[in-house]
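Protein sequence lines, in the order shown, are assigned to chains A and B. Residue numbers for the first sequence follow the UniProt record's numbering, so the first one is 1 and each next one is one higher. Residue numbers for the second sequence follow the UniProt record's numbering, so the first one is 1 and each next one is one higher. Quick notes on the structure that follows.
Protein chains: 2
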Amino acid sequence: MTGRTRLSWTDVRDEIRARILSRTYAPGDKLPRDEDIATELGCARTTVHRAMQDLSQIGLVERKRKGGTHVRTDPVTRATFDIPITRREVEQRGSKYDYQLISHAMEDSPMSVMTRFGIQQPAQMLHVRALHLADNRPYIFEDRWIDTRSTPGILDVDLKVESANEWLVRNKPYSRVDVRFYAMNAEGESARHLSTNVGSALLVIERTTWIGRDPITTVQAVAAPGYQLTALN
Amino acid sequence: MTGRTRLSWTDVRDEIRARILSRTYAPGDKLPRDEDIATELGCARTTVHRAMQDLSQIGLVERKRKGGTHVRTDPVTRATFDIPITRREVEQRGSKYDYQLISHAMEDSPMSVMTRFGIQQPAQMLHVRALHLADNRPYIFEDRWIDTRSTPGILDVDLKVESANEWLVRNKPYSRVDVRFYAMNAEGESARHLSTNVGSALLVIERTTWIGRDPITTVQAVAAPGYQLTALN
DNA sequence: GAGTGGTCTAGACCACCAG
DNA sequence: TGGTGGTCTAGACCACTCC
Numbered sequence: 001m002t003g004r005t006r007l008s009w010t011d012v013r014d015e016i017r018a019r020i021l022s023r024t025y026a027p028g029d030k031l032p033r034d035e036d037i038a039t040e041l042g043c044a045r046t047t048v049h050r051a052m053q054d055l056s057q058i059g060l061v062e063r064k065r066k067g068g069t070h071v072r073t074d075p076v077t078r079a080t081f082d083i084p085i086t087r088r089e090v091e092q093r094g095s096k097y098d099y100q101l102i103s104h105a106m107e108d109s110p111m112s113v114m115t116r117f118g119i120q121q122p123a124q125m126l127h128v129r130a131l132h133l134a135d136n137r138p139y140i141f142e143d144r145w146i147d148t149r150s151t152p153g154i155l156d157v158d159l160k161v162e163s164a165n166e167w168l169v170r171n172k173p174y175s176r177v178d179v180r181f182y183a184m185n186a187e188g189e190s191a192r193h194l195s196t197n198v199g200s201a202l203l204v205i206e207r208t209t210w211i212g213r214d215p216i217t218t219v220q221a222v223a224a225p226g227y228q229l230t231a232l233n
Numbered sequence: 001m002t003g004r005t006r007l008s009w010t011d012v013r014d015e016i017r018a019r020i021l022s023r024t025y026a027p028g029d030k031l032p033r034d035e036d037i038a039t040e041l042g043c044a045r046t047t048v049h050r051a052m053q054d055l056s057q058i059g060l061v062e063r064k065r066k067g068g069t070h071v072r073t074d075p076v077t078r079a080t081f082d083i084p085i086t087r088r089e090v091e092q093r094g095s096k097y098d099y100q101l102i103s104h105a106m107e108d109s110p111m112s113v114m115t116r117f118g119i120q121q122p123a124q125m126l127h128v129r130a131l132h133l134a135d136n137r138p139y140i141f142e143d144r145w146i147d148t149r150s151t152p153g154i155l156d157v158d159l160k161v162e163s164a165n166e167w168l169v170r171n172k173p174y175s176r177v178d179v180r181f182y183a184m185n186a187e188g189e190s191a192r193h194l195s196t197n198v199g200s201a202l203l204v205i206e207r208t209t210w211i212g213r214d215p216i217t218t219v220q221a222v223a224a225p226g227y228q229l230t231a232l233n
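This is the structure in structure tokens:
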């Protein structure tokens with residue numbers, strides 16, 4: 001008459017994590033086999049597996065076939081960020097969103113863009129610069145290059161009305177993406193568009209996407225001063 | 001004699017993703033029930049579920065009980081970063097790692113630190129400032145506060161030898177972490193320690209950890225100019 | 001070679017929530 | 001309240017990799 005309800009995989013995960021936190025399983029230690037843990041806790045091996053999958057993804061343990069499961073000695077901090085469409089981001093802050101097209105023209109891709117795409121030869125691409133605003137204040141200044149060979153449809157879009165950002169997201173799924181963050185001093189142009197002083201420290205989100213091996217777009221999104229990226233959870 | 005080998009969940013995932021990329025399932029569309037997809041592709045429902053779990057985590061689809069599975073209309077870009085111990089990070093770049101303790105003292109936590117921890121009253125905490133070097137050049141300047149109530153052991157550590165970073169990671173697992181990135185202009189002190197000019201744009205990684213509800217540590221890690229954070233994959 | 005995690009299946013029941 | 005995703009089980013086989 002124990003009346004114990006069945007264990008869920010989150011229960012198992014929490015139990016294992018508690019043991020790691022309390023150093024019952026210390027860093028570097030080998031954990032029992034999934035099957036033994038299952039027997040001990042009274043559940044199916046699959047359930048332990050599901051729990052371990054989670055702990056492994058978080059970076060708390062490391063699993064290897066035959067090698068078993070070990071508590072990581074150098075637990076990395078793993079942080080996940082959602083980078084939404086700018087409009088959505090602004091609206092979710094409860095602010096009014098606006099968008100201004102600054103310029104767009106076909107140009108030869110400069111070296112920096114070729115590097116980001118990993119291509120050797122320059123190509124004619126659509127170069128778009130635009131400003132996103134929140135409550136009438138500059139929010140993000142974006143400098144974007146679009147490969148019109150993989151994305152000819154973009155040429156028919158009225159970029160004064162719809163941002164390239166949104167059109168691409170809705171019409172051009174990507175299969176690979178590279179994301180990086182860094183800091184940059186505002187120079188004349190970004191300072192002017194973001195209404196800040198030359199030299200201000202600005203956070204930059206650089207994103208490049210491909211479909212298969214073909215470049216789609218690369219964008220340098222420069223955020224206004226004070227912008228923070230916060231990890232999920 | 002089809003001789004088809006059994007479908008793995010990655011096969012299923014790739015098939016569904018291909019359909020989304022080719023707009024067989026367009027943004028906003030409702031996908032068939034897991035069971036129907038399983039029947040169509042010839043596998044167990046569990047396998048489809050595993051595939052969907054992955055697509056859902058990537059942010060490609062959205063799943064709801066009873067509501068079914070939908071292709072997301074505003075696909076977010078989801079990026080994951082590993083933030084390792086600085087020593088490990090430097091060594092993996094193939095550089096020589098060094099560490100210098102700059103100062104450590106018990107002090108009342110300032111307002112900014114109280115905010116990060118979400119506490120109302122100031123407390124005596126250990127304030128540690130240190131520099132991490134790669135190949136004898138400044139790499140990261142860290143300004144850290146440690147709550148000695150949750151972590152008394154830190155007081156016995158010789159911080160000249162072992163960085164607080166490493167000791168904490170090895171001896172004090174956390175149950176919750178907050179991570180954020182932003183840009184900052186170098187002021188007198190960080191400029192001096194990082195051997196750069198006042199005003200340089202620097203990337204800051206701010207990390208705060210708790211065990212249960214108790215604060216452990218909060219650190220502002222200021223990276224030298226040129227530092228980039230790159231997403232996994 | 002053999003031990004361990006990874007996956008697939010088939011079936012059952014549960015939990016949430018849109019209609 | 002019924003349909004759909006979420007999970008658990010038990011058993012089987014596979015695949016990697018350490019010994």
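Where a beta carbon is used, it is the ideal one built from N, C-alpha and C, also for glycine. The model shown is predicted, which means the values in this text are computed figures rather than measured ones.
Subject >> Separation of N171/B from R17/A, as counted between CA atoms >> reply: 15 Å
**OP:** Give the straight-line distance between the Cα atoms of T196/A and L21/B, rounded to the nearest whole angstrom.
**Re:** 40 Å
Original post:
What number of angstroms, rounded off, separates the C-alpha of A123/A from the C-alpha of M184/A?
Top reply: 27 Å
Original post:
Beta-carbon separation of M114/A and T148/A under 9 Å?
Top reply: no
Original post:
Where does R17/A sit, in a helix, a strand or coil, going by DSSP?
Top reply: helix
**OP:** Spell out the partners DSSP gives G68/B in its beta bridges.
**Re:** K64/B
Original post:
Do you know how far the Cα of G226/B is from the Cα of A201/B?
Top reply: 9 Å
Original post:
Quick one: what's got a C-beta closer than 8 Å to F181/B's C-beta in the same chain, skipping five residues either side?
Top reply: L203, V204, I205, E206 and L229
Subject >> Whole-number beta carbon distance between F117/B and T218/B, since they are thought to touch under 8 Å >> reply: 6 Å
Original post:
Do you know offhand how far D120/A's Cα is from P215/A's?
Top reply: Here the sequence assigns Gln to residue 120/A, which means Asp is not the residue at that position. Going from the Cα of Q120/A to the Cα of P215/A covers about 12 Å.
Subject >> P152/A versus Y139/A - alpha carbon distance >> reply: 29 Å
Original post:
What's the C-alpha gap between S163/A and D36/B?
Top reply: 38 Å
Original post:
Expressed to the nearest angstrom, what Euclidean distance is found between the alpha-carbon atoms of D98/A and D156/A?
Top reply: 21 Å
Original post:
Any C-beta of chain B sitting closer than 9 Å to the C-beta of S163/A?
Top reply: no
Subject >> Contact with chain B by N233/A, beta-carbon distance below 9 Å >> reply: yes
Original post:
Can you list, in chain order, the residues of the stretch 96 to 115 of chain B whose Cβ is nearer than 9 Å to any Cβ on chain A?
Top reply: none
Original post:
So with Cβ pairs under 9 Å, would you call V76/B a contact of chain A?
Top reply: yes
**OP:** Tell me, please, whether the stretch 49 to 63 of chain B touches the stretch 86 to 102 of chain B by the rule of three or more beta-carbon pairs shorter than 8 Å.
**Re:** no
**OP:** Would you give the residue range spanned by the beta strand (DSSP E) that I211/B belongs to?
**Re:** A201 to I211
Original post:
What does a CB cutoff of less than 6 Å around L133/A pick up in its chain, not counting 5 residues either side in sequence?
Top reply: D98 and Y139
Original post:
Under a CB-based cut-off of 9 Å, is N185/A close to chain B?
Top reply: yes
Subject >> Spatially closest choice to R137/A from I154/A, R13/A, V90/A and Q220/A, by CA coordinates >> reply: V90/A
Original post:
Under three-state DSSP, which class holds T217/B?
Top reply: strand
Original post:
What distance in whole Å lies between the Cβ atoms of I83/A and A79/B, which are believed to be in contact at a cut-off of 8 Å?
Top reply: 6 Å
**OP:** Run the CB neighbour count on N165/A, radius 10 Å, all protein chains shown included, and call it buried at 16 or more, exposed below.
**Re:** buried
**OP:** Find the nearest neighbour of H70/A within the set S190/A, K30/A and E107/A, judged by alpha-carbon distance.
**Re:** K30/A
**OP:** Taking V61/A and V12/A to be in contact with their CB atoms under 8 Å, please state how far apart those CB atoms are, rounded to whole angstroms.
**Re:** That pair is no contact at about 13 Å.
Original post:
For residue 259/A, which of Q220/A, D34/A, E187/A and Q92/A has the nearest alpha-carbon?
Top reply: Coverage of chain A is limited to positions 1 through 233, which leaves residue 259/A absent and any answer about it impossible.
Original post:
Does DSSP put I37/B in a helix, in a strand, or in coil?
Top reply: helix
**OP:** Given a cut-off of 9 Å, decide if T77/B and G94/B are closer than it, judged by their beta-carbon atoms.
**Re:** no
Original post:
Checking contacts by CB at 9 Å: is V204/B closer than that to chain A?
Top reply: yes
Subject >> Where D143/B falls, given that 16 or more other Cβ within 10 Å makes a residue buried >> reply: buried
**OP:** Assuming S109/A contacts W145/A (C-beta within less than 8 Å), just tell me the rounded distance between them.
**Re:** 6 Å
Subject >> Per DSSP, the bridge partner or partners of I154/A >> reply: DSSP lists no partner for I154/A.
Subject >> Near-chain B residues of the stretch 8 to 29 of chain A - C-beta to any C-beta below 7 Å >> reply: I20, L21 and P27
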